[in-house]
Structure formats: C-alpha cells, structure tokens
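Student:
Chains as they are written, first to last, in the numbering used here: chain A, 6 to 194; chain B, 108 to 204.
1) So, is residue 148 (chain A) buried or exposed, given that buried needs 16 or more other C-beta atoms within 10 angstroms?
2) What are the start and end residues of each continuous alpha helix (DSSP H) run of 4 or more residues lying completely inside the region 124-171 of chain A, in chain order?
3) Along chain B, which residues have their Cβ under 8 Å away from the Cβ of residue 88 (chain A)?
4) Tell me which residues of the region 141-164 of chain B have at least one Cβ-Cβ distance to chain A shorter than 7 Å, keeping chain order.
5) Are at least three pairs of beta-carbons, each pair with one atom in the region 10-27 of chain A and one in the region 122-134 of chain B, less than 8 Å apart?
6) In the region 14-25 of chain A, which residues sit with their C-beta less than 7 Å from some C-beta in chain B, listed in chain order?
7) Can you give me, in chain order, the residues of the region 108-126 of chain B that have a beta carbon less than 9 Å from any beta carbon in chain A?
8) Pick from A:123, A:119, A:158, A:151: whose alpha carbon is nearest that of residue 66 (chain A)?
9) What did DSSP end up calling residue 64 (chain A) once you bin it into helix, strand or coil?
10) How many angstroms separate the CA atom of residue 110 (chain B) from the CA atom of residue 142 (chain A)?
11) Grab me the residues of residue 43 (chain A)'s own chain with a C-beta within less than 7 Å of its C-beta, minus the 5 sequence neighbours each way, in chain order.
12) So what's residue 93 (chain A) in DSSP terms, helix, strand or just coil?
13) Between residue 93 (chain A) and residue 111 (chain A), what straight-line distance do the alpha-carbon atoms span, to the nearest angstrom?
14) Return the CA-CA distance between residue 167 (chain A) and residue 48 (chain A), expressed in angstroms with no decimal places.
Okay, structure coming up:
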C-alpha cells in the first residue's frame, strides 16, 4: 500500500484530532457538572457568609456542603457510563481515599488552629480543596491545574489584601468562575 | 520498517482505532458513546467494527446492564500494535518527503 506524503499528513492529523477529542470527551464528560454544582454552592455559601450572621451562615454552609456531597455522589455514579474498565477499580478507590484523607487532614488542621474565625476556616477548606483539585489535574487533565492555581491566587489575594469583601469576592469570582468554567467545558469541549 | 495497514487506513476505521487506543488497555467504550464521538450512524459504525473485529484488531463485548443489552468495544493488544505500526509508517512517509 502506497500513499503520498500529503495523504500521510492528513491521516496523522485525523488520528491526532480523534485522540484529542476522545481524551477530552473522557476527561471532561463529567467534570463540568461538578464545577457547576460546587460553583453554585460557593456562590450561595459565601454570599451567606458576607451578608448573614456567622451562626446562620455556618449552618447554611453545612447544609450546602451536605447537598453538594450528595449531588456529587449521584452524578459521580452516573458519569462516564460510556466507558468502563474491566480492570479492578484500584485508581477510582485510591482517588476516593485521597479525598477522604484530604478531608481528614483539613479537619485536623482546622482543629489544631482553633479557635479560628470564619475567614480562616474558609481559607483552610479552600486551600485543601485546591490541593486536591491540582492533584486531580496533574493526574487526569493538566489544563485543570491552571484553573486551580488561578483560584488559589484569587483566594490568597482576597484574604490578605481585601478582607472586607473576601466572602463577596469568593462568591462572585470563585463560585461564579467555577460555574462559567463548567459551562465553558460543556459548550466548547 | 513499519508498514501501512490497509484495513486500518480507511478514514472511519482510522478514527475508530485512534479513539480506542486512547483508552487505557483495560477500558472499553459503549457502542452509542463511540457512535456519538465519531459522529457516524449506527449502521456505518457497525459495518466498520465488524471489519476490525474480523481482523482481530478490536474486541466486541455484548452484555446486559439492568436487563438492557449493551455493546462495548475495545482495542485488542494486536490492534494496538498494528495501529502504532501504522502511525510509525505514516510518520516515516512524512520524514522521507
């Protein structure tokens, strides 16, 4: 079988395009849902923290986190039904274990730093979530790392330089940013 | 030297193999998922999958999930090897230009 260099180039471009499309379809097939869910939770949670008394906002945060956890599990079970692995689900279990350990370390850190104010607790949670986000990005989809780093930088800038509007910035830029990124992935990928 | 493979070189089959080798070796993809990914019809995809299955490049696994039949497709070890050889052959043609 003989083909011209031009045909070879076209075939390689077709292959490269298809591989990229497949990688994106697999890695982003559910990511946008989680971004939108947790973006909405951040938006509502931090708006509550900005405008409501600490006690009420704290209770709302707990309710929102539980809701986010339930929705994440529901969508997590449903996602990627198109691709299945016949190998033991070792990597999936390790990822779940990683998030569990991260949650425990975050709780322990907040406990050690106690008594902490609302902003400090929010910072602890956000920074630990960002560590998890970047770790998942390095493992699954490198592009996600840039979003994680940008959100971390935003959080630190808001905390140290703009404490008066920290919650508001986290709500609009953090939560809103995650929603926009989720919608972008849904539409463009 | 790696050789071109006539079975794989057909455009739709080339895209099928490119999609399948992108998955981890133990992973398989559902027929409808693959159809949507490739943007082809059921009949077209089915015909090309048969060719690739006959050549031993892919494996077709028909199972029941919640009482509904589902067809999963994966690249075989032979299919992966042949595909990579085909890509190497394409690259060598380009290099010798």
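All C-beta atoms in this analysis are idealised placements derived from N, C-alpha and C, irrespective of residue type, glycine included.
Tutor: To lay it out plainly:
1) By the C-beta density criterion, residue 148 (chain A) is exposed, having fewer than 16 other C-beta atoms within 10 angstroms.
2) As far as the region 124-171 of chain A is concerned, its whole alpha helix (DSSP H) runs of at least 4 residues are 148-166.
3) Result: 130, 134, 135, 136, 137, 140.
4) The region 141-164 of chain B vs chain A, Cβ under 7 Å: 144.
5) Short answer: they touch.
6) With the criterion set as a beta carbon lying under 7 Å from some beta carbon of chain B, the members of the region 14-25 of chain A are 14, 16, 17, 19, 20, 23, 24, in sequence order.
7) The region 108-126 of chain B vs chain A, Cβ under 9 Å: 110, 111, 112, 113, 116, 118, 121, 122, 123, 124, 125, 126.
8) Checking every option, the nearest Cα to that of residue 66 (chain A) belongs to A:123.
9) Residue 64 (chain A): helix per DSSP, three-state reduction.
10) C-alpha separation (whole angstroms): 37 Å.
11) Excluding residues within five positions, the ones whose Cβ falls inside 7 Å are 73, 183.
12) With a pLDDT of 48 at residue 93 (chain A), under the threshold of 50, the modelled position of that residue is not reliable, and the figure given next carries that caveat. Residue state, collapsed to three classes: coil.
13) No answer about residue 93 (chain A) holds up, because its pLDDT of 48 lies below 50 and its placement is not dependable.
14) Distance between the alpha carbons of residue 167 (chain A) and residue 48 (chain A) is about 18 Å.
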